[in-house]
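This note's numbering applies: residue 17 is where the sequence shown begins, and numbers increase by one.
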Amino acid sequence: MIRLAARLVLAVLILSWPVTARAFDVTLLHVNDSHSYLDPTAETLALQGKPVYARLGGWARLKSAVDAVRAGRGDVVLLHAGDAVQGGLYYMKYGGKPEMEFLDRLGFDAFVPGNHEFDRGAPYLARVLGYTKVPVVCANLDGSAVPALAARVRPYVIAERSGERIGIVGLITPETESISSPGEVRFTDTVHTATLIVRELQARGVNKIVLLTHQGFEADKRLAAEVPGVDVIVGGHSHTLLGNSGIEAMGLRPAAAYPTVVKGADGDDVYVVTAWKWGRVLGRLDLTFDDEGHVTRAEGKPLLILADGFKRKNDAGQKVALQGAERDELLAFIQADPEAAVVPADPVARKFLGPFSEGVEAMRTEVIGEAVLPLPHIRVPGTTDSGESLPRGSLIAPLVCRSMLARLEGTGEPADIALQNAGGVRESVDQGDITMGTAYTLLPFNNTLVLLELTGEQVRQTLETGVDRGGGAFLYAGGLRYTADMRRPEGERVLCIDTLDNAGNWTPLDPARAYRVVTNSYLASGGDGFDILKSAASSYDTGFVDAQAFIDYVRQQRMLKPLPTTGVTYIPAK
Numbered sequence: 017m018i019r020l021a022a023r024l025v026l027a028v029l030i031l032s033w034p035v036t037a038r039a040f041d042v043t044l045l046h047v048n049d050s051h052s053y054l055d056p057t058a059e060t061l062a063l064q065g066k067p068v069y070a071r072l073g074g075w076a077r078l079k080s081a082v083d084a085v086r087a088g089r090g091d092v093v094l095l096h097a098g099d100a101v102q103g104g105l106y107y108m109k110y111g112g113k114p115e116m117e118f119l120d121r122l123g124f125d126a127f128v129p130g131n132h133e134f135d136r137g138a139p140y141l142a143r144v145l146g147y148t149k150v151p152v153v154c155a156n157l158d159g160s161a162v163p164a165l166a167a168r169v170r171p172y173v174i175a176e177r178s179g180e181r182i183g184i185v186g187l188i189t190p191e192t193e194s195i196s197s198p199g200e201v202r203f204t205d206t207v208h209t210a211t212l213i214v215r216e217l218q219a220r221g222v223n224k225i226v227l228l229t230h231q232g233f234e235a236d237k238r239l240a241a242e243v244p245g246v247d248v249i250v251g252g253h254s255h256t257l258l259g260n261s262g263i264e265a266m267g268l269r270p271a272a273a274y275p276t277v278v279k280g281a282d283g284d285d286v287y288v289v290t291a292w293k294w295g296r297v298l299g300r301l302d303l304t305f306d307d308e309g310h311v312t313r314a315e316g317k318p319l320l321i322l323a324d325g326f327k328r329k330n331d332a333g334q335k336v337a338l339q340g341a342e343r344d345e346l347l348a349f350i351q352a353d354p355e356a357a358v359v360p361a362d363p364v365a366r367k368f369l370g371p372f373s374e375g376v377e378a379m380r381t382e383v384i385g386e387a388v389l390p391l392p393h394i395r396v397p398g399t400t401d402s403g404e405s406l407p408r409g410s411l412i413a414p415l416v417c418r419s420m421l422a423r424l425e426g427t428g429e430p431a432d433i434a435l436q437n438a439g440g441v442r443e444s445v446d447q448g449d450i451t452m453g454t455a456y457t458l459l460p461f462n463n464t465l466v467l468l469e470l471t472g473e474q475v476r477q478t479l480e481t482g483v484d485r486g487g488g489a490f491l492y493a494g495g496l497r498y499t500a501d502m503r504r505p506e507g508e509r510v511l512c513i514d515t516l517d518n519a520g521n522w523t524p525l526d527p528a529r530a531y532r533v534v535t536n537s538y539l540a541s542g543g544d545g546f547d548i549l550k551s552a553a554s555s556y557d558t559g560f561v562d563a564q565a566f567i568d569y570v571r572q573q574r575m576l577k578p579l580p581t582t583g584v585t586y587i588p589a590k
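Here it is, written out as structure tokens:
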């Protein structure tokens, strides 16, 4: 009897003891919109107040960065938010094979397809996904009409770490139907689909939920506010750079903080992250969950991945490598930045990439068309350094504009006008063979095509900016012609603006009408002083690279010759 009483007292004491909640720590790593850029890409950074020519990203360095985090953290989940392909010579040459194999080599836990995965059709995507074993997730994709694709895609995957389960739900923008080539594949509403899938996961006892999306940063924020039960959204599609003071110190301008916190539908905070583009940034979100699956800690640190080998211009305007004390000072500055690092290339990944790189280099000599006549380039109409008179301006830049329009026509989302800054076109094209290398030398900056909605008045102001700034900011156009009278005051120099209608007739620009304008990503982000473009009613980065659009256009035309008009009538000041 005494023993029984003692046991009862002990049981009461045990039940009354406070229970310590078990915390679960996990790190989410993520990339998005890598677009077949397996090698580092060039970027000009403003470091310590001076322009520095740097190389960012590259999958061999990305692997080193991922491995370094895994070595220092217990539980890590690695995610890719779509558009792994389309954009560079690797995809043109190999059709997605090295990109997909790299997903395996880096050990991704989930991949959501982006709209550009469908550019060659759903059956082709199904074949490309055969190169990887990484789980492909997309809950709002109906691939029943393409069984090979449907068999490869699941709505979500559950990642297990230290006995805890994390639901990872894939979602893609329904606009894929109109901006890519998915054929009979259909896409349902993301909010409705996510709500249903989150409930399904909760019914299975999963209380830590990540949405892996390819729909854009603004859409992700709306999703976070409307779907209950979501902890994190890892996104892609809009090429949005998020960051804090460290990213700003690199001379970059983040669109918002990393992570961006949104109040969820159930009152809890939802952490929204995305990692810019081209494998330049490895997103990192360190999370702590309590027993009920609530996030009690969220700390974000995107990592800008830099390759060693920095350059600055000397007094003669030549790019020269930094050396000695100047280089050491710059490296120390970067080392002190919590959101940037000079990362060595992983030797195994570099060796794997080697044969593919050799094939790409050989491809640069491939002939894609012929220039029937010389296509000289000049920034502002006038006389070239060699003495050639070009009173109507560049003969190659208008063809670049034409290629931009042609690329968007092929998507079913055509533009009315194309605008190209003269400085973005780097050289003349000689008479004779045009090669792949010609295209990438002509347009070397890896700019993507961005579709803007601008009023006619905003178009006029944009042209005025180009005329007033001159030089590399001078604008050439497709689907539009104008007169630049340099005798007039600034802001009043652009006259006689006409646009080309669908019937091939020139009509005056309507100041109040909304026009669809395609330009390069540099200008769309306000480069060359075009802040007016950042006020567009809408902006959509198509992900199509300008050089690739030009290649497609040359292949289609086969024989390239000057257009009947450059679209510019230029009246000098004197």
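Here a beta-carbon is modelled for each residue, glycine too, at the ideal position from N, C-alpha and C.
By the C-beta criterion, the stretch 508 to 521 is judged not to be in contact with the stretch 555 to 565, since fewer than 3 inter-stretch pairs fall below 8 Å. Per DSSP, ARG38 lies in no beta strand (DSSP E) segment and is marked neither H nor E. Apart from the 5 residues on each side of it in sequence, GLU469 sits with its Cβ closer than 7 Å to the Cβ of ALA530, ARG532, ALA552, ALA553 and SER554 in its chain, given in chain order. As the crow flies, the alpha-carbon of GLY183 is around 25 Å from that of HIS132. The beta carbon of ALA166 is closer than 7 Å to those of GLY159 and SER160 in its chain, skipping five residues each way along the sequence.
Taking each of ASP282, ASP284 and VAL85 in turn and checking the Cα distance to VAL42, the smallest one comes out for VAL85. Cβ neighbours of THR204 within its own chain (closer than 6 Å, five residues either side excluded): ASN156. Secondary structure note for GLN436: its beta strand (DSSP E) is the uninterrupted segment 433 to 437. The beta carbon of SER405 sits closer than 7 Å to the beta carbons of THR399 from its chain, once the five residues preceding and following it are set aside; these are given in chain order. Cβ contact annotation for GLU386 (same chain, cutoff 8 Å, sequence separation greater than five): GLY448, ASP449, ILE450, ARG574, MET575 and LEU576, in chain order.
When secondary structure is reduced to three states using DSSP, LEU157 falls in the strand class. PHE40 is the residue among THR206, THR582 and PHE40 whose C-alpha sits nearest the C-alpha of LEU303. Taking every protein chain shown into account, the CB of GLU374 has fewer than 16 other CB atoms within 10 angstroms, so this residue is exposed. Under the DSSP assignment, PRO67 falls outside any alpha helix (DSSP H), being part of the beta strand (DSSP E) whose first and last residues are 66 to 72. When DSSP states are grouped into helix, strand and coil, TRP75 belongs to the helix group. Restricting attention to LEU415, LEU516, GLN477 and TYR69, the CA atom closest to the CA of ALA431 is found in LEU516.
Note on geometry: alpha-carbon atoms of SER419 and TYR107 lie some 19 Å from one another. Comparing alpha carbon positions, the residue from LYS293, ARG300 and GLY267 closest to THR276 is ARG300. The C-beta of HIS208 has fewer than 16 other C-beta atoms within 10 Å across all chains shown, which makes the residue exposed. Of all alpha-carbon atoms in ASP135, LEU78 and LYS367, the one lying nearest the alpha-carbon of LEU122 is that of LEU78. Per the DSSP secondary-structure output, GLY448 pairs in a beta bridge with ALA387. Here PRO407 is actually not in contact with PRO414; their C-beta atoms are around 14 Å apart, not less than 8 Å. Here ALA97 is near HIS46, since their CB atoms are less than 8 Å apart.
Beta-bridge analysis with DSSP links VAL534 to ALA434 and LEU467. Contact between ASP135 and SER197 holds: their C-beta atoms lie close to 6 Å from each other, under 8 Å.
Judged by DSSP in its simplified three-state form, VAL201 adopts coil rather than helix or strand. By a beta-carbon distance limit of 8 Å, MET266 contacts LEU320. Their separation comes to about 6 Å. When secondary structure is reduced to three states using DSSP, ASP302 falls in the strand class. About 19 Å separates the CB atoms of SER537 and THR457; that is not less than 8 Å, and the two are not in contact. In the structure shown, GLY453 falls within a helical segment according to DSSP collapsed to helix, strand and coil.
For MET575, the beta-bridge partners assigned by DSSP are GLU386. When the alpha-carbon of LEU298 is set against those of PRO588, ALA76, LYS590 and ILE548, the nearest one is in ALA76.
Counted as a single uninterrupted DSSP element, the beta strand (DSSP E) harbouring ALA58 occupies residues 57 to 63.
The distance from the Cβ of PHE233 to that of SER261 is about 20 Å, inconsistent with a contact at the 8 Å cut-off.
Note that the C-beta distance between LEU467 and TYR556 is below 8 Å. Annotated as distal: ALA219 and LEU187, with beta-carbon spacing of 8 Å or more.
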